[in-house]
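Peer 1:
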Amino acid sequence: MDSSSCTEDRIEHVLERCLCGLGIDTLDKQLWNAGLCINRWCLEELVKRHPHNFLILLQKILRKTKEVLEECRYELVVPLTLLFSSALLKSPHVAADPVVLQEAYLLFHSFLTWPEPCSSASKRLLNVLQQELRAPGISFQRLVHSEQGISPEHHSKTMTVLLVGPEEDVLPEVRSVSEQLSSGSQDSCRDVSILLILHAFQAALGSKQNLQTLRCALQTKRPEELEHLMQAVNNLMETAASTADLSTARNTLTHSMERLGESLTSAADGCTDTGAVEMLMLPFPKCHTCSWENDNFDFLNSVLDSDVDSARDCFLEPEIDEEDRNDTSVDEEDESEGNKEVDFLNNRISTASSSSRDSGYSLSTPSGSSGVESDFSEDTTHKDAQEGQPKLRRKPKKKSRSILGVERFSSFFKTTRSPESCRRVQSMGNRGDFTHRNGSTILSIHPDPLSPRKHMCVRRRPILSCDEGAVEEVPTLVRVVMFGGDKEAGRLARAYSDLQQKESKCPRLTKTCKLQFYFVPTRGRATGNTPTEAPSGSSRAAASGECNGGVMEDSTDIAHMLGLMDPWYERNVLSLLSLSSEVLCQPACKEASSTESLLTDMVLYYCRHADQPVLLQLYQAELTLAGGERRREVFLHSLELGHSAGIRAVKAMGAASKRFGIDKEREAVPLDLRVGYNKVAVSGRSQWTQTEKLCTSINLFKACRKPEQLDTRIESLQLTMTEVLKSSKSKKGYNQHICVSEVKVDKVQVNGGENGTTFAVCLDQDEKKFFQSVTRCEVSLCSKSGSGSDWRSYKLSPGQVQPLHPSYCSLLCLPLTSFSGSPP
Numbered sequence: 010m011d012s013s014s015c016t017e018d019r020i021e022h023v024l025e026r027c028l029c030g031l032g033i034d035t036l037d038k039q040l041w042n043a044g045l046c047i048n049r050w051c052l053e054e055l056v057k058r059h060p061h062n063f064l065i066l067l068q069k070i071l072r073k074t075k076e077v078l079e080e081c082r083y084e085l086v087v088p089l090t091l092l093f094s095s096a097l098l099k100s101p102h103v104a105a106d107p108v109v110l111q112e113a114y115l116l117f118h119s120f121l122t123w124p125e126p127c128s129s130a131s132k133r134l135l136n137v138l139q140q141e142l143r144a145p146g147i148s149f150q151r152l153v154h155s156e157q158g159i160s161p162e163h164h165s166k167t168m169t170v171l172l173v174g175p176e177e178d179v180l181p182e183v184r185s186v187s188e189q190l191s192s193g194s195q196d197s198c199r200d201v202s203i204l205l206i207l208h209a210f211q212a213a214l215g216s217k218q219n220l221q222t223l224r225c226a227l228q229t230k231r232p233e234e235l236e237h238l239m240q241a242v243n244n245l246m247e248t249a250a251s252t253a254d255l256s257t258a259r260n261t262l263t264h265s266m267e268r269l270g271e272s273l274t275s276a277a278d279g280c281t282d283t284g285a286v287e288m289l290m291l292p293f294p295k296c297h298t299c300s301w302e303n304d305n306f307d308f309l310n311s312v313l314d315s316d317v318d319s320a321r322d323c324f325l326e327p328e329i330d331e332e333d334r335n336d337t338s339v340d341e342e343d344e345s346e347g348n349k350e351v352d353f354l355n356n357r358i359s360t361a362s363s364s365s366r367d368s369g370y371s372l373s374t375p376s377g378s379s380g381v382e383s384d385f386s387e388d389t390t391h392k393d394a395q396e397g398q399p400k401l402r403r404k405p406k407k408k409s410r411s412i413l414g415v416e417r418f419s420s421f422f423k424t425t426r427s428p429e430s431c432r433r434v435q436s437m438g439n440r441g442d443f444t445h446r447n448g449s450t451i452l453s454i455h456p457d458p459l460s461p462r463k464h465m466c467v468r469r470r471p472i473l474s475c476d477e478g479a480v481e482e483v484p485t486l487v488r489v490v491m492f493g494g495d496k497e498a499g500r501l502a503r504a505y506s507d508l509q510q511k512e513s514k515c516p517r518l519t520k521t522c523k524l525q526f527y528f529v530p531t532r533g534r535a536t537g538n539t540p541t542e543a544p545s546g547s548s549r550a551a552a553s554g555e556c557n558g559g560v561m562e563d564s565t566d567i568a569h570m571l572g573l574m575d576p577w578y579e580r581n582v583l584s585l586l587s588l589s590s591e592v593l594c595q596p597a598c599k600e601a602s603s604t605e606s607l608l609t610d611m612v613l614y615y616c617r618h619a620d621q622p623v624l625l626q627l628y629q630a631e632l633t634l635a636g637g638e639r640r641r642e643v644f645l646h647s648l649e650l651g652h653s654a655g656i657r658a659v660k661a662m663g664a665a666s667k668r669f670g671i672d673k674e675r676e677a678v679p680l681d682l683r684v685g686y687n688k689v690a691v692s693g694r695s696q697w698t699q700t701e702k703l704c705t706s707i708n709l710f711k712a713c714r715k716p717e718q719l720d721t722r723i724e725s726l727q728l729t730m731t732e733v734l735k736s737s738k739s740k741k742g743y744n745q746h747i748c749v750s751e752v753k754v755d756k757v758q759v760n761g762g763e764n765g766t767t768f769a770v771c772l773d774q775d776e777k778k779f780f781q782s783v784t785r786c787e788v789s790l791c792s793k794s795g796s797g798s799d800w801r802s803y804k805l806s807p808g809q810v811q812p813l814h815p816s817y818c819s820l821l822c823l824p825l826t827s828f829s830g831s832p833p
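Quick note, this note's numbering runs 9 ahead of the 1-based positions in the sequence shown.
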């Protein structure tokens, strides 16, 4: 059998394994996770062995996409778009006759009428194809410029920040990732400049340009000459990307690169002409590793200040004329002349690209009536670094009346942004349900259980609120990568809540950069004496606070929730929990010391190709202590009250916990509590219930463990009460009869009663968020600071629907990044 045929068969086989079993939940699925999660990594390692393999992979993906289109397999559309864009990004050269890209454009254009997230994923890929058809390799160039901070006045800038815990708590695989990314990001500017120039010539000319001769010529250049040359190459590619006609753009770029290459290689002697295409790898992005101890983002200010450029120079947008700012389009007369000379496909793609540039319409921008959810101040329309156009690009001061007309028409599609834009709202009748802040004093207004409006269900994806003004787009993206489980996710949520409060009073960080949060689950450390089991199947038992086995693990329910919403996240990020630390730290090739490990490759893939937010609702707990002090705390995943909270705090002491001798619920001291909760249903109805119970523990968890819980439109918590029905009167005082009840709620009140009963509270399984001597605890949905204004005071935008009741509040959600985003 021919070797090329064998390679094609192997690529096709691994591609099928990458897409095998996505979105299917079977009993034996956990057994195959360890093998399935490394298939994408194996595919990339196989393709990198020869430059021609990338073209084979692109063709195989298109063949698989045709099958998906015929069979209507919705779960495979997003993975196929991601696989195609990743292969196209790393492909060293696509043939001068881009039949593959044209076929891909027509094929993925068919998915625009499919439901979300298929439509949005196809739009993002079509945008990449439009640019690559005009300027081959433009995605690679923009990504490297962004990650390395080159030419911030023309390109957006991207920074990566890894958040790790204290040194003694850092897992070996996390330490390996931070060391590799921190050391690998120290590439010199000279090496990066040479890489970009070589890649631009190879992407445009292929084997016509001798890279070895060109590399020898570039090595003799001074740094300032390399900088000017890199800028000239970048200008050629950006000009081609903004040209309306495909043929004109590609031919002009090819001729310009040929003339520039001849001028550079004419003086180079002594270099062997290989005449082959070389593999040029993406350099590591600039990365900062921060030891995170406090639940805030204050450290980001020092990270931004310590960057290569000062914060003032990096983040302030250079002054340009308003005419330059608006003139990012191509003259309509020139465009029409070019369209006459192209075929149907070129005309179709050119029109779509020109329209998107002229109107400023973002392919991922949700309309007011689209039903897409959003609830955080940073704009969610950020394109991937390798896909988006540069933030600022000067154009000649030339404008026609037709262009002015297009700009006026495009204003109807532009979405104004503000620090509180695109906010989710809740249907909680009265503002009295929430806590009001007046300076440092916290006033809690207790709701009336008899009021029908005060206990309405809160929709998980409510109507979008109105825009509140325009904010200039920031040129810097900060990727915040968090490692850990639900405990660390809770810390991230509290830091985000703290950031929202500070920015609402004095905006600083959100004016200079946009934050995107990436969550990488890792194994939790057991706090007892038993080693930690495999977390993939034990999150339910760990999260429920069961301490009968003498061990309480940190759960990973939040990561499992992201996996339920996004199968590609589950396959490539969550399923890595099935692998051991030795496998995660192992490089692809032991001989090459510069090869990144499996976990490092996954983190880079996750950060570069995932940009869609999943909004996770935050909750607030109003705690009243025995001394009369009131505290407002924020949590994301769980609130444990009573015996389960005390046990978690005791077990966190490690070996010292043995002397306490408290183990099971049967040995716990019952608490006489008054419990009130608002029981919710899928239908939207609710019922307020208030009762007195003799309980050992009351636990609240985010309802996110089963797929059916994510299909509902109601934001809710799972309330678990461990009630003592009968206790022994003997000296040991065992609880003989224990009843565990579960209720779906959105608001809970727990009161110690008139006898002065106090209890302990623990938030998000974090021993640092442990409170003793609590007499009252009230849990409700967390809303944004200063978001209680009447809806009627806002100015409605076209396409938005007015809510049923005017007193809506904007819910505060943590945006965690995934590949496909929240389901519609």
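Even glycine gets a Cβ: it sits at the ideal position worked out from N, Cα and C.
Which complete alpha helix (DSSP H) runs does the region 574–619 hold, if anything under 4 residues is left out?
Peer 2: As far as the region 574–619 is concerned, its whole alpha helix (DSSP H) runs of at least 4 residues are 576–581, 590–594, 607–618.
Peer 1: Using only alpha-carbon positions, find the residue among R657, V759, G693 that is nearest to L703.
Peer 2: The candidate whose alpha carbon is nearest that of L703 is V759.
Peer 1: With H, G and I counted as helix, E and B as strand and the rest as coil, what does DSSP make of Q781?
Peer 2: Q781 falls in the strand class under three-state DSSP.
Peer 1: Judging by CA-CA distance, which residue of V689, E717, L680 is the nearest neighbour of T733?
Peer 2: Before going further, note that residue 733 is Val rather than Thr in the sequence given. With distances taken between Cα atoms, V733 lies closest to L680.
Peer 1: Rank V684, G830, H569, A677 by C-alpha distance to the C-alpha of Q718 and give the top, closest one.
Peer 2: Nearest of V684, G830, H569, A677 to Q718, Cα basis: H569.
Peer 1: Compare the Cα-Cα distances from L607 to each of L190, V770, H22 and report the closest residue.
Peer 2: It is L190 whose Cα lies nearest to the Cα of L607.
Peer 1: By a C-beta neighbour count over all protein chains shown, 10 Å radius and 16 as the cutoff for buried, is E177 buried or exposed?
Peer 2: Exposed: under 16 other Cβ atoms inside 10 Å.
Peer 1: Could you check whether the Cβ of L709 sits closer than 8 Å to any heavy atom belonging to the ligand ATP?
Peer 2: In terms of ligand content, the structure shown is empty, and the ligand ATP therefore cannot be addressed.
Peer 1: Is the CB-CB distance between Q629 and K711 below 9 Å?
Peer 2: Cβ atoms of Q629 and K711: not closer than 9 Å.
Peer 1: Nearest by alpha-carbon distance to E112: which of E701, F528, F63, I70 is it?
Peer 2: Selected option, being the one with the closest Cα: I70.
Peer 1: Return the CA-CA distance between R357 and A209, expressed in angstroms with no decimal places.
Peer 2: Below a pLDDT of 50, predicted positions are generally treated as unreliable, and R357, at 47, falls in that range; the measurement from the model is reported next regardless. So the two alpha carbons sit approximately 26 Å from each other.
Peer 1: Could you spell out where the beta strand (DSSP E) holding Q525 opens and where it closes?
Peer 2: Run containing Q525: 523–530, per the beta strand (DSSP E) assignment.
Peer 1: What do you reckon, are the CB atoms on N241 and L262 nearer than 9 Å?
Peer 2: According to the sequence provided, residue 241 is Ala. The question's Asn does not apply to it. The answer is no: Cβ separation not under 9 Å.
Peer 1: Thinking C-beta only, is E776 closer than 9 Å to A658?
Peer 2: Result yes, Cβ atoms of A658 and E776 sit closer than 9 Å.
Peer 1: Checking 9 Å against the spacing of the C-beta atoms, do V186 and T766 come in under that value?
Peer 2: It is not a contact, given that the beta carbons lie outside the stated cut-off.
Peer 1: Whether or not the region 499–516 and the region 141–154 are in contact is what I'm after, with contact meaning three or more pairs of Cβ atoms, one per stretch, closer than 8 Å; do they touch?
Peer 2: As far as the Cβ criterion goes, the region 141–154 does not touch the region 499–516, which means the pair count is below three.
Peer 1: Determine the closest residue to P13 out of L28, I33, L45, H59, with distance taken between C-alpha atoms.
Peer 2: Going by the sequence as given, residue 13 is Ser instead of Pro. Looking at the Cα atoms, H59 is the closest of the given residues.
Peer 1: Compare the Cα-Cα distances from K793 to each of C822, N244, A285 and report the closest residue.
Peer 2: Minimum Cα distance to K793 is reached at C822.
Peer 1: Between which two residues does the alpha helix (DSSP H) carrying F308 extend?
Peer 2: Run containing F308: 308–314, per the alpha helix (DSSP H) assignment.
Peer 1: Less than 8 Å between C-beta atoms, sequence neighbours within five positions excluded: which residues of the same chain meet that for I20?
Peer 2: Once the five neighbours on either side are set aside, the close Cβ partners of I20 are L52, L55, V56, N62, I65, L66, K69.
Peer 1: Between Q595 and the rest of its own chain, which residues show a CB-CB distance below 8 Å, the 5 nearest in sequence each way excluded?
Peer 2: Excluding residues within five positions, the ones whose Cβ falls inside 8 Å are S606, L607.
Peer 1: Closer than 8 Å by C-beta to P175: which residues in its own chain qualify, once you throw out the five before and the five after it? Chain order, please.
Peer 2: S300, E302.
Peer 1: Along the alpha helix (DSSP H) that carries V201, what are the first and last residues, could you check?
Peer 2: Run containing V201: 198–214, per the alpha helix (DSSP H) assignment.
Peer 1: Exposed or buried, which one is M290 when buried takes at least 16 other CB atoms within 10 Å?
Peer 2: Exposed, because fewer than 16 other Cβ atoms sit within 10 Å of the Cβ of M290.
Peer 1: Tell me the DSSP bridge mates of S300?
Peer 2: For S300, which the question treats as bridged, DSSP gives the partners V173.
Peer 1: Mapping the DSSP letters down to three states, classify T729 as helix, strand or coil.
Peer 2: If DSSP states are grouped into helix, strand and coil, T729 belongs with the strands.
Peer 1: Count the other CB atoms within 10 Å of the CB of A285; is the residue buried (16 or more) or exposed (fewer)?
Peer 2: The residue is exposed, with fewer than 16 neighbouring Cβ atoms inside 10 Å.
Peer 1: Between K99 and T604, what straight-line distance do the alpha-carbon atoms span, to the nearest angstrom?
Peer 2: Computed Cα separation, rounded: 16 Å.
Peer 1: Whole angstroms are fine: how far does the CA of T826 sit from the CA of V483?
Peer 2: Cα to Cα, the separation comes out at about 19 Å.
Peer 1: Compare the beta carbon distance of L207 and L227 with 9 Å and say whether it is the shorter of the two.
Peer 2: A contact, by the Cβ cut-off of 9 Å.
Peer 1: Less than 9 Å between the beta carbons of L772 and E642, yes or no?
Peer 2: Yes, the pair counts as a contact, with Cβ atoms nearer than the cut-off.
Peer 1: Which of the three DSSP states is assigned to V678 in this structure?
Peer 2: Here V678 sits in coil by DSSP.
Peer 1: Just to confirm, is the Cβ distance from C29 to V87 under 9 Å?
Peer 2: No; because the gap between Cβ atoms is not below 9 Å, this pair is not in contact.
Peer 1: With which residues is Q696 paired in a DSSP beta bridge?
Peer 2: Bridge partners of Q696: K688.
Peer 1: What residue from Q525, E141, I203 has the CA that sits closest to E247's CA?
Peer 2: Checking every option, the nearest Cα to that of E247 belongs to E141.
Peer 1: Please report the straight-line C-alpha distance between F93 and L524, rounded to a whole angstrom.
Peer 2: Their Cα atoms are separated by approximately 26 Å.
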